[in-house]
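Chains as they are written, first to last, in my numbering: chain E, 76 to 215; chain U, 94 to 216.
Beta carbons are placed, not taken as given, at the ideal position from N, Cα and C, and that holds for glycine.
First up is the structure itself, then whatever we jot down about it.
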Amino acid sequence: MTAPWLPDEAPQIYAITHNRDVVSIRQTIRVLAQRCRLSLVDQTKMITAASELARNTLVYGGGGAVKAGLVEKDGRRGIAALFEDSGPGIADVNLAMTDGWTSGSGLGLGLSGARRLVDEFDLVTEVGVGTTVTVIKWAR
Amino acid sequence: MTERVPILRIGEVLVVSIQFDLEDQTVLRLQEDLAEQIVRRAARGVIIDITALEIVDSFVGRMLATIAEISRMLDAETVVVGMRPAVAITLVELGLSLGGVSTALDLEKGLARLRRSTISDEA
Chain E
76 MTAPWLPDEA PQIYAITHNR DVVSIRQTIR VLAQRCRLSL VDQTKMITAA
126 SELARNTLVY GGGGAVKAGL VEKDGRRGIA ALFEDSGPGI ADVNLAMTDG
176 WTSGSGLGLG LSGARRLVDE FDLVTEVGVG TTVTVIKWAR
Chain U
94 MTERVPILRI GEVLVVSIQF DLEDQTVLRL QEDLAEQIVR RAARGVIIDI
144 TALEIVDSFV GRMLATIAEI SRMLDAETVV VGMRPAVAIT LVELGLSLGG
194 VSTALDLEKG LARLRRSTIS DEA
């Protein structure tokens, strides 16, 4: 999935290499969500999804980066975030997307839960190469 | 160096009010600090105030559930207070409904809940 970034505003890239980066990504996403006038509930869902995915990038992907910014399609605005790592990749995507399944010590709700919280979700992964997860939440 | 969440005491109840967005390490540390304080201060109840939290993700959600379980094993009851409506909606959709965690709308109601169950314990 290619996110339809706003033409006059390039998305910004933020590193995810430390626990504190997960906190600052939540704050970055909050500012963007407010700018595109997401409802309070939708802001909360998008920030929570970003928090799950940023932690995944850090813990399972061994660190990486997120590209985040505003998007526009058919006159609607939204917010997109693309999480990218060069970690081990996911061998079985269907299994990884199952509620409660985890390869680590988590609850197994990160990927499957994040998908439920956003409007668009796309996962591209290759074993030994890395994983990219793109999410979009549209303003209503 | 991670930040530390202060733990206050009101009678037999420990009160934790989370006032800032927590790093995962701070969350784990709070869990350990609380377990230790429950025993050291012979607390019967724990209140975790999350009024200031704009989001609760699966990591913090799991911490709330774990603290509730740990305190139960240490003979104390946990009540989570002040959850925002948007946070409740998001947690349920995330798949984390915190079944084992008791909640109250605010600090006052949370204290009243603990007082009632402590009294019924003694009766």
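Check	Outcome
Close-in-space but distant-in-sequence residues of the same chain around E/L107 (CB under 8 Å, 5 per side omitted)	A143, G144, L145 and I154
Segments of 3+ residues assigned as beta strand (DSSP E) that fall wholly inside the stretch 171 to 205 of chain U	195 to 197
Extent of the continuous beta strand (DSSP E) run through U/D150	Run containing U/D150: none; DSSP gives neither H nor E here.
Helix, strand or coil at E/T132 [DSSP, three-state]	helix
7 Å Cβ cutoff, E/R191 in contact with chain U	yes
Helix, strand or coil at E/G137 according to DSSP, with G and I counted as helix	coil
Test: E/V210 CB closer than 7 Å to a CB of chain U	no
heavy atom of the ligand ADP below 6 Å from E/E127 C-beta	No copy of the ligand ADP occurs in the structure displayed, which carries no ligand at all.
Residues near E/D160 in its chain [Cβ-Cβ closer than 6 Å; skip 5 each side]	T132, G136, G139, G205 and T206
C-alpha gap between U/A205 and E/E127, whole angstroms	34 Å
Under the three-state DSSP convention, the category U/E105 falls into	coil
Integer Cβ distance of U/L189 from E/L184, believed to fall under 8 Å	6 Å
Buried or exposed by the 16-neighbour rule on C-beta atoms within 10 Å, applied to E/A105	In the sequence under discussion, the amino acid at residue 105 of chain E is Arg, which differs from the Ala named in the question. Its Cβ being crowded by 16 or more others within 10 Å, E/R105 is buried.
Through-space distance from U/T183 to E/L113, alpha-carbon basis	14 Å
CA nearest to the CA of U/V180, picked from E/V199, E/L115, E/V141 and E/Q109	E/L115
Residues of the stretch 163 to 189 of chain U with Cβ closer than 9 Å to any Cβ of chain E, in chain order	R177, P178, A179, V180, I182, T183, L184, E186, L187, G188 and L189
Assumed close pair E/A156, E/V98 - CB separation to whole angstroms, cut-off 8 Å	That pair is no contact at about 15 Å.
CB-CB length for U/R134 against U/R102, believed under 8 Å	6 Å
Closest Cα partner of E/L162 within the set E/T173, E/M172, E/R190 and E/V199	Contrary to the premise, residue 162 of chain E reads as Gly rather than Leu in this sequence. Residue E/V199 is the option with its Cα nearest to E/G162.
Residue-level contact to chain U via CB, E/T123, 7 Å cutoff	yes
Backbone secondary structure at U/S110 - three-state DSSP	strand
Cutoff 7 Å: E/R95 Cβ touching any chain U Cβ	yes
Test item: CB-CB of U/V139 and U/S164 under 7 Å	yes
E/L184 in three-state terms, based on DSSP	coil
Counted within 10 angstroms of its Cβ, other Cβ atoms place U/R155 as buried (16 or more) or exposed	buried
Amino acids of chain U, ordered along the chain, whose beta-carbon sits closer than 7 Å to that of E/K142	None at all; the shortest Cβ gap to chain U is about 20 Å.
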